[in-house]
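Numbering (the working numbering), first residue to last: 1 to 103.
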């Protein structure tokens, strides 16, 4: 699933997490952009493409990214969630190792 499709599928949940109860095109477009940038940022730092539509730690991390960036606190996110990002990197490495059939 492409990042744009995932962002659209997560829009209502993101609005709910942020307490946005109204329908506004500009707000929704901003959130879609934040979700897409967040997925790109996390995928780049985790080292693989993640499915954010599943109930995982990566999805929680994405919503935290959106909350922080929407509050103009990206640098705080990068510091506060560094260990979670590292944990997801390690998890992906382990999964890749387990799935490696060349051993």
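Idealized CB from N, CA, C, for every residue including glycine.
For clarity, every value in this text was computed on a predicted model and none was experimentally measured.
Just mark residue i as buried or exposed, buried being the case when its beta carbon has 16 or more other beta carbons within 10 Å.
i: residue 90; result: exposed
i: residue 50; result: buried
i: residue 94; result: exposed
i: residue 1; result: exposed
i: residue 35; result: buried
i: residue 58; result: buried
i: residue 66; result: buried
Let me make sure I understand the geometry here. Which of the options has the alpha-carbon closest to that of residue i?
i: residue 37; options: 62, 21 and 87; result: 62
i: residue 9; options: 23, 24 and 32; result: 32
i: residue 92; options: 79, 76 and 44; result: 44
i: residue 42; options: 100, 88, 71 and 97; result: 88
i: residue 55; options: 13, 86 and 18; result: 13
i: residue 3; options: 27, 15, 19 and 53; result: 53
i: residue 30; options: 48, 70 and 60; result: 70
i: residue 96; options: 81, 74, 48 and 73; result: 48
CB-CB under 8 angstroms to residue i, same chain, minus the five flanking residues each way: which ones, in chain order?
i: residue 17; result: 63, 66 and 67
i: residue 39; result: 3, 6, 7, 50, 52 and 62
Report the CB separation of residue i from residue j in whole angstroms; it is logged as a contact under 8 angstroms.
i: residue 20; j: residue 46; result: Actually they are not in contact, since the Cβ atoms of residue 20 and residue 46 sit about 27 angstroms apart, beyond 8 angstroms.
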